[in-house]
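Below is one structure; the comments refer to it alone.
There are 4 protein chains.
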Amino acid sequence: MKALIYHGPGQKSLDEHAKPQIVDAGDAIIRVSHTTICGTDLHILKGDVPTCVPGRVLGHEGVGIVEEVGAAVVTFKPGDHVLISCITACGRCDYCRRGMYSHCTTGGWILGNTIDGTQAEFVRIPHADTSLHPIPAGADEEALVMLSDILPTGFECGVLNGKVQPGGSVAIVGAGPIGLAALLTAGFYSPAQVIMIDLDPNRLATAERFGATLTLDTNHVDPVAAVKETTEGRGADTVIEAVGIPATFELCQELVAPGGVIANIGVHGEKADIHLEKLWSQNISITTRLVDTVSTPMLLKTVVSAKLDPSQLITHRFSLNDILDAYDTFGRAAATQALKVLITP
Amino acid sequence: MKALIYHGPGQKSLDEHAKPQIVDAGDAIIRVSHTTICGTDLHILKGDVPTCVPGRVLGHEGVGIVEEVGAAVVTFKPGDHVLISCITACGRCDYCRRGMYSHCTTGGWILGNTIDGTQAEFVRIPHADTSLHPIPAGADEEALVMLSDILPTGFECGVLNGKVQPGGSVAIVGAGPIGLAALLTAGFYSPAQVIMIDLDPNRLATAERFGATLTLDTNHVDPVAAVKETTEGRGADTVIEAVGIPATFELCQELVAPGGVIANIGVHGEKADIHLEKLWSQNISITTRLVDTVSTPMLLKTVVSAKLDPSQLITHRFSLNDILDAYDTFGRAAATQALKVLITP
Amino acid sequence: MKALIYHGPGQKSLDEHAKPQIVDAGDAIIRVSHTTICGTDLHILKGDVPTCVPGRVLGHEGVGIVEEVGAAVVTFKPGDHVLISCITACGRCDYCRRGMYSHCTTGGWILGNTIDGTQAEFVRIPHADTSLHPIPAGADEEALVMLSDILPTGFECGVLNGKVQPGGSVAIVGAGPIGLAALLTAGFYSPAQVIMIDLDPNRLATAERFGATLTLDTNHVDPVAAVKETTEGRGADTVIEAVGIPATFELCQELVAPGGVIANIGVHGEKADIHLEKLWSQNISITTRLVDTVSTPMLLKTVVSAKLDPSQLITHRFSLNDILDAYDTFGRAAATQALKVLITP
Amino acid sequence: MKALIYHGPGQKSLDEHAKPQIVDAGDAIIRVSHTTICGTDLHILKGDVPTCVPGRVLGHEGVGIVEEVGAAVVTFKPGDHVLISCITACGRCDYCRRGMYSHCTTGGWILGNTIDGTQAEFVRIPHADTSLHPIPAGADEEALVMLSDILPTGFECGVLNGKVQPGGSVAIVGAGPIGLAALLTAGFYSPAQVIMIDLDPNRLATAERFGATLTLDTNHVDPVAAVKETTEGRGADTVIEAVGIPATFELCQELVAPGGVIANIGVHGEKADIHLEKLWSQNISITTRLVDTVSTPMLLKTVVSAKLDPSQLITHRFSLNDILDAYDTFGRAAATQALKVLITP
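Residue numbers (this note's numbering), protein chains in the order written: chain A, 13 to 357; chain B, 13 to 357; chain C, 13 to 357; chain D, 13 to 357.
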């Protein structure tokens, strides 16, 4: 089969690769219908993720059709349409029982990282019963690719951890795909204000279309002053970090109201400063989270009931044969105005 | 009357000072029965608290007897025995209605800071109806001085924010009075392990007497290795920072288990490092809090029902005339083995 | 001044009545701009509320302008536009500190019950600082009358107690004003389904207009079968009782899913059956609540930010001179299609 | 092997019965080390549980040693010592993912009910990976039999659902084994008062030994007046129903404080009255629950760390050969003073 292979920092190619086989009784083999590229894939290609070694098939998002199941799989059978979770969960370990699938002792984020992933014609999914979700007939399968990772990440790490509330104020730092996913799902809780902060006017325009009540272009506006002004001097109840660099994390500390939450989503490569000399008395929380995908069944319901339309995030479409072009388009997002690129084998 | 006056960094004296008068209709004048010294008073004397200006009577803890009340006070009358909360709360502003008394727009921590405090024969308490607590007849009033600040602080900022749970593991960094207050009140939730970390063997011995299941002397033991070893490699579910310097805050980051909480109590004077490059995926929370004293009525009940004996924290007793000696004893705690010093006018 | 006076079961009249005076230092006198009639007023007129004695001015809802304040009032001054909460709260007692204003030891529901109410030109509001809310300039004051009682009641007793969740299913039994208020505010949490159950086709049509995803006319449909069918056989996650009779409360028990909540709003006059022989193992909760009005500031924000338009509930308008007609229209709601009637002195 | 067989209402015998075999790949066969009898077994023998048909091996509690495992079992191997949960959970269905194992679509309470149970030499446990718990070396295995059902039931259905809090008041109606299990585990949250209500002086004496702060013998005392007196007229914050008849459930309604919870544990055979005419405005919750056993790992930790000693509940010991005597002793508990009877094959 064809697959996108990581060959070490800066190197990737679309190669012929052996079709995956059932290894454990809980495995399923999925024929991939659609997949996509995540910012994390770019991190891997920079060499920032040492657990991912050369020779690996990349990708941890996708929908597909069950091709084959191991002897212990009871929920799925060949022919079933399924959503692949970016997080693999055994459902049995202490972490899984607490709903912290991200830290499953034999799973977690392994797809396209420590085992072969979804940017291929087929993929092996371990712990299939608890790592795949059945797709209801008639659902928009392209849109559901957004439920593998980006929407549960924006929702769990940003909105749930950030305790977004009816009538509350939310500031989101970073209007990339993940910040926009947080914006879309923040709406579930009817905040009075959602303020989107970025330096790319195009992304801010998209944020406005997605329902931001205020957008702040940091090229022209002091975001701290602007957020304070619109929140009676207090700051935002929820501040969501959706970039992953020290400067934006420090900005969040200036934006948060007393009693508020800074919910970090960004994947950070280095330490940052925390201004405890100011924050110690401010009754705030800072949260971090690798998505657990516990909310995926709920998100599926909201897509089916049309409360949420994640297809809005798809800006470009490619065949698997053109995945190198897809990487190029996604990698130059400022120029191409790409959010999520859909790839179809 | 006699009062301990702050005269600028490094300078204090016991002076004659005008007896306080009712200023607002919600005020009460309290004759102080017992007061004490807080680590924050030492911070003020170092010049670290710019809101506290020379000429101020220090002190924000104490019990006493109501001497006089303003026209709007309905809960208290002269002769009532009362516990003085370190936090003054109007009960009306947005923050007070949310239980965040620490950020009351006309109160918060003002006693011995922006208005005269309790290290005196008399003190004026604004918003008396919502800033004093009635003392039940027969209660141990010396012990209750510990409920003005240190016990609600250890409990709210450490135990409640830290989400201590039955069967859970707790690591407390710093075995001073505030760390010990966290230890005592952690017991309300029956954690399986409470590990106390300090470099003073005397304080660790006290911690053991107060119920710590393990004490770690950082002069001799690597606390990270020791905590990991006793928690099956995971780290502690709750880590309480009770020192207030960058090094201990960073230590907390190495001690916390995935899914755990770092509850900061320490008063920090400078920024610290936060290792987001490790923590971003660890599903942890970091909390800060200036005590709200919302738990004071509950703590009063537990003292009356003998679930909690805060008098264990009192190591020395002085008359108000000897308050300079009390400051000296409290300031040289390592040598004097002082925890809390009781001062009686 | 003119006021609607209760003269005992079945008897009321619009009389001349002495203008209220400041009694306690915390009182305010409000010139009523708009008021309305509540189902509870009809209960009083049936003689069902023994705490309300003849001679009482009825009414516990309204907006107005501050005429005069007592010496202890600090938040309001003459000329301020204010929303009157149906619940009077001292802000100081144990219940108030826990946010359970409904059980304030010197307040709670007293307006138009144990003290004179709002269906008059003027009304005295005790504990004014904590029982009135400032109205932002430019707000729709007619719409805000709905925030005195009906919207916080639908929201707190129905939506919050019922734990409405994104993606969840909600069944509301009773499409009167209070059921519709629950429907409007359930939307804050983006449930996938809101099913409205009643026997009045007109009210069900209104429910549909207000966003119900399914309406069930019990004259023609078995609501239990219909709710099961639309929830994969499970029942509704949240069931809201908005009628107040044994039959509807029992219906709720058949509608609730395992793990769900029955949130009672209805004012009941007699006991009902609880089928513990079925429910004991169903992991459900049943909640009751007299509205606390803790959510009123948040609801105000959502009205100002246009997330909520409560003016939709106003179907008729009367002057105070015609309040007997207003009672007649409201009392024959099935015939008049009345929801809330606005009364303007 | 020998097994206690249900032969229809009123009929049981110790018979030879075929040793269970692996049926599904997720099954384990356990050699039973210790088992016990539950009040529910007596219900079955009265004919009250129609899902349990003649020919069934009774029993849903026990510890044992793994004899054999199916091909899909990964957590356990022959020779492992295990605690058997009374609830069988697949870990995969919607209910299991929400921690509501009691309603597992292919599990729940099936042992000794719809499939053969533990009062035998061997038992087959479906979904073994998620329905058994590993026993740490050196643990008191007799005591752990109390963790199959009675302690998680008292804790989850009574203490957790009842929101027992530090400083709070708890009233437990019924001092049988389940009420005593609630009493023991209520201590995890340090309530100021735990009031035990029963009509058996012997059980009340046991309750006192187990830490009740007040015991009320309803033969001699009006429990409503007594609870009100000891709670400043308010009633108890948490009321736990541990009997299962209409009279005790109605008593609970008179005992609960405004804002409190009635947590039902009792297995009810008929409907009861709910006095909504009083309760509608009291801001209370009523909860029901079939135990989920989600707390079993935590309870195991507290037993190992000696916070909890469940062996106190064992009053009598029998060999499996004498299980009919064990049933007789347990069935005449008032006369024999039996709490839990330990049975050893």
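All C-beta atoms, glycine included, are put in the ideal place defined by N, C-alpha and C.
Closer than 8 Å to chain D by CB, S202 (chain B): Along the second sequence, one-based indexing puts residue 202 (chain B) at 190. Yes, because at least one Cβ of chain D sits closer than 8 Å to the Cβ of S202 (chain B).
Rounded straight-line distance, which links the Cα of T126 (chain D) to that of Q294 (chain C): If you number the third sequence from 1, residue 294 (chain C) lands on position 282. If you number the fourth sequence from 1, residue 126 (chain D) lands on position 114. So the two alpha carbons sit approximately 18 Å from each other.
Proximity to A187 (chain D) [Cα-Cα], best of D:A238, D:M208, D:A204 and D:G199: Along the fourth sequence, read from residue 1 onward, the residue named residue 187 (chain D) stands at position 175. Residue D:M208 is the option with its Cα nearest to A187 (chain D).
Range covered by the alpha helix (DSSP H) that runs through A155 (chain D): Start at 1 with the first residue of the fourth sequence, and residue 155 (chain D) comes out as number 143. Looking at the DSSP string, the run of the alpha helix (DSSP H) that includes A155 (chain D) is E153 to L156.
Environment of A219 (chain A) [buried if 16+ CB atoms lie within 10 Å]: What you label residue 219 (chain A) is simply residue 207 of the first sequence in a count that begins at 1. Its Cβ being crowded by 16 or more others within 10 Å, A219 (chain A) is buried.
Closer than 8 Å to chain D by CB, T299 (chain B): Here the question's residue 299 (chain B) lines up with position 287 in the second sequence. No, T299 (chain B) lies away from the interface with chain D (no Cβ there is under 8 Å from its Cβ).
Where G179 (chain A) meets chain C, residues with beta-carbon distance less than 9 Å: The residue given as residue 179 (chain A) occupies position 167 in the first sequence. Residues of chain C passing the Cβ test: F200, S307, P309, M310, L311, L312, K313, T314, S317 and K319.
C-beta contact flag for L288 (chain C) and W121 (chain C) at 8 Å: As a first step, residue 288 (chain C) must be located in the third sequence, where it is residue number 276. As a first step, residue 121 (chain C) must be located in the third sequence, where it is residue number 109. Not in contact: L288 (chain C) and W121 (chain C) (Cβ atoms no closer than 8 Å).
9 Å Cβ cut-off: residues of chain D touching T142 (chain A): If you number the first sequence from 1, residue 142 (chain A) lands on position 130. What T142 (chain A) touches in chain D: G103, R104 and R109.
Cβ contact check for the region 97-106 of chain C and the region 302-316 of chain C: 3 or more pairs under 8 Å: yes
Distance, T47 (chain D) Cα to D210 (chain C) Cα: As a first step, residue 210 (chain C) must be located in the third sequence, where it is residue number 198. As a first step, residue 47 (chain D) must be located in the fourth sequence, where it is residue number 35. Between D210 (chain C) and T47 (chain D), the C-alpha separation is close to 52 Å.
Whole-angstrom distance between G82 (chain D) and A198 (chain A), CA atom to CA atom: The sequence position of residue 198 (chain A) within the first sequence is 186, counting from 1. The sequence position of residue 82 (chain D) within the fourth sequence is 70, counting from 1. Between A198 (chain A) and G82 (chain D), the C-alpha separation is close to 45 Å.
Proximity of S160 (chain C) and L263 (chain C) at Cβ, strictly below 8 Å: Walking along the third sequence from the start, residue 160 (chain C) turns up at place 148. Walking along the third sequence from the start, residue 263 (chain C) turns up at place 251. In this structure, L263 (chain C) does not lie closer than 8 Å to S160 (chain C) by Cβ.
Same chain, Cβ closer than 8 Å to V273 (chain D), five either side skipped, listed in chain order: Stepping through the fourth sequence from its first residue, residue 273 (chain D) is reached at position 261. Excluding sequence neighbours, V273 (chain D) sits near N173, G174, K175, D249, T250, V251, I296, S297, I298 and T299.
Bridge partner(s) assigned by DSSP for R329 (chain B): Within the second sequence, the letter at position 317 stands for residue 329 (chain B). For R329 (chain B), which the question treats as bridged, DSSP gives the partners B:L354.
Any chain C beta carbon closer than 8 Å to K175 (chain D): Taking the fourth sequence and counting its residues from 1, the one referred to as residue 175 (chain D) is at position 163. Chain C contact via Cβ: absent.
Pair within 8 Å by beta-carbon distance, P309 (chain D) and H72 (chain D): By 1-based counting over the fourth sequence, the position of residue 309 (chain D) is 297. By 1-based counting over the fourth sequence, the position of residue 72 (chain D) is 60. Against a cut-off of 8 Å, the Cβ pair of H72 (chain D) and P309 (chain D) comes out as no contact.
Assigned exposure category for K89 (chain A) - 16 Cβ within 10 Å defines buried: Numbered from its first residue, the first sequence carries residue 89 (chain A) at position 77. It counts as exposed.
Contact set between G119 (chain D) and chain C, taken where Cβ atoms lie within less than 7 Å: Along the fourth sequence, read from residue 1 onward, the residue named residue 119 (chain D) stands at position 107. Near G119 (chain D) there are no residues of chain C at all, since even the closest Cβ is about 14 Å away, more than 7 Å.
Endpoints, the alpha helix (DSSP H) within which G191 (chain A) is located: Working through the first sequence from its first residue, we reach residue 191 (chain A) at position 179. Per DSSP, G191 (chain A) belongs to the alpha helix (DSSP H) from P189 to A198.
Test: S97 (chain C) CB closer than 8 Å to a CB of chain D: Numbered from 1 along the third sequence, position 85 holds the residue referred to as residue 97 (chain C). No - not a single Cβ of chain D is within 8 Å of the one on S97 (chain C).
Among B:R43, B:F167 and B:V35, nearest to L332 (chain B) - alpha-carbon criterion: Along the second sequence, one-based indexing puts residue 332 (chain B) at 320. Among B:R43, B:F167 and B:V35, the Cα nearest to that of L332 (chain B) is on B:R43.
Secondary structure, beta strand (DSSP E): runs of 3+ residues fully inside the region 257-286 of chain D: 268-276 and 284-286
Best match in A:G91, A:A37 and A:A345 for proximity to A84 (chain D) [C-alpha to C-alpha]: Within the fourth sequence, the letter at position 72 stands for residue 84 (chain D). Considering only alpha carbons, the answer is A:A37.
Inter-stretch contact (C-beta, 8 Å, three-pair minimum) for the region 138-154 of chain A and the region 215-231 of chain A: no
Proximal residues to G170 (chain C) (C-beta, below 6 Å), its chain only, five neighbours per side dropped: In the third sequence, the residue the question calls residue 170 (chain C) occupies position 158. Contacts found: A194, I252, A275 and I277.
Selection from C:Q205, C:L336, C:L291 and C:V135 that minimises the alpha carbon distance to E266 (chain C): The count along the third sequence starts at 1 and reaches residue 266 (chain C) at position 254. Out of C:Q205, C:L336, C:L291 and C:V135, C:L291 has the C-alpha closest to the C-alpha of E266 (chain C).
Terminal residues of the alpha helix (DSSP H) in which L54 (chain C) lies: Position 42 of the third sequence, counted from the first residue, corresponds to residue 54 (chain C). Start and end: G51 to L57.
Inter-residue Cα distance where the pair is A285 (chain A) and G166 (chain D): As a first step, residue 285 (chain A) is located in the first sequence; it is residue number 273 there, counting from the start. As a first step, residue 166 (chain D) is located in the fourth sequence; it is residue number 154 there, counting from the start. In the sequence under discussion, the amino acid at residue 285 (chain A) is Asp, which differs from the Ala named in the question. Between D285 (chain A) and G166 (chain D), the C-alpha separation is close to 47 Å.
Rounded straight-line distance, which links the Cα of G74 (chain C) to that of S45 (chain C): As a working mapping, residue 45 (chain C) is identified with position 33 in the third sequence. As a working mapping, residue 74 (chain C) is identified with position 62 in the third sequence. Going by the C-alpha atoms only, they are around 7 Å apart.
Three-way DSSP call (helix, strand, coil) for M310 (chain B) in this model: Translated into positions along the second sequence, residue 310 (chain B) becomes position 298. In the structure shown, M310 (chain B) sits in a helix (DSSP, three-state: H, G or I).
Any chain C beta carbon closer than 8 Å to A151 (chain B): One-based indexing of the second sequence puts residue 151 (chain B) at position 139. Judged by the 8 Å Cβ criterion, A151 (chain B) is not in contact with chain C.
Straight-line gap, L226 (chain A) to Q205 (chain A) (C-alpha atoms, nearest Å): Numbered from its first residue, the first sequence carries residue 226 (chain A) at position 214. Numbered from its first residue, the first sequence carries residue 205 (chain A) at position 193. Computed Cα separation, rounded: 8 Å.
Three-way DSSP call (helix, strand, coil) for K24 (chain C) in this model: Position 12 of the third sequence, counted from the first residue, corresponds to residue 24 (chain C). If DSSP states are grouped into helix, strand and coil, K24 (chain C) belongs with the strands.
Distance between T341 (chain D) and E79 (chain D) (C-alpha atoms, nearest Å): For the purposes of this step, residue 79 (chain D) is identified with residue 67 of the fourth sequence, where counting begins at 1. For the purposes of this step, residue 341 (chain D) is identified with residue 329 of the fourth sequence, where counting begins at 1. Their Cα atoms are separated by approximately 31 Å.
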